[in-house]
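Heads up, the thing below is written out as structure tokens.
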Amino acid sequence: MKKNKKKVMIAGTFDILHPGHIFLINEAAKLGDVYVVLATDKNRETYSGVAPIVPEEQRLEVIKSIKNVKDAKLGRHDNDTLKTVQEIDPDIILLGPNQKFSVEKLQNALRMKGMNHIEVKRLEKYYDKFKLHASSLIKKKIIEQKKENRI
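Numbering-wise, the working numbering comes out as the position in the sequence shown, counting from 1, plus 17.
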């Protein structure tokens, strides 16, 4: 009998999709079924000071259509992001290499909420095969081209 696959949760804004996002999803898929939590427009603006370029419903539709994504949802719990974790109940939370969360702090917060069974890992490899390997670099290039009147 085949053992059930593990649930792997990843989270982020996924604003302007690039190969690094796909790399993260594919690496998570090596660990189990991938569940993606997207930051809402409001949360992204609250935490970074800048709203996403692409609206949340559009980002959600794109992420849901990616091959290795089992399911995706918006992280609607503004005051308690761990509620979304409780709803998904993953076996593993995989953090991206440039996400500003501490593995230890997240693990401790999960323990305090009775979610000791969730393992927190960080993807160590940063995908930078291409020059425009981050949303911020893509945005910067667009601005440069706009200034040069090439757009």
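We put the beta carbon where it would ideally sit given N, CA and C, even for glycine. Note that the structure is a prediction, hence the values are computed from the model and not measured.
Query                                                                                                            : Result
E74 burial status per 10 Å Cβ neighbour count (16 or more: buried)                                               : exposed
Check whether V120 and K87 have beta carbons under 7 Å apart                                                     : no
Close-in-space but distant-in-sequence residues of the same chain around Q103 (CB under 8 Å, 5 per side omitted) : K130 and M132
Own chain, CB closer than 7 Å to L91, minus 5 neighbours either side, in chain order                             : L55, T57, E73 and L77
Limits of the unbroken alpha helix (DSSP H) element including R139                                               : Unbroken run through R139 is the beta strand (DSSP E), E136 to R139; no alpha helix (DSSP H).
Neighbour-count burial assignment, K24, 16 or more Cβ in a 10 Å radius                                           : buried
Collapsed DSSP secondary structure at A45 in the structure displayed                                             : helix
D3 in three-state terms, based on DSSP                                                                           : Since the displayed the chain opens at 18 and closes at 168, residue 3 lies outside it and no answer follows.
Candidates K84, L123, P107 and G37, of which the one nearest K21 by Cα                                           : The amino acid at residue 21 is misidentified as Lys; the sequence shows Asn. The shortest Cα separation from N21 among K84, L123, P107 and G37 belongs to P107.
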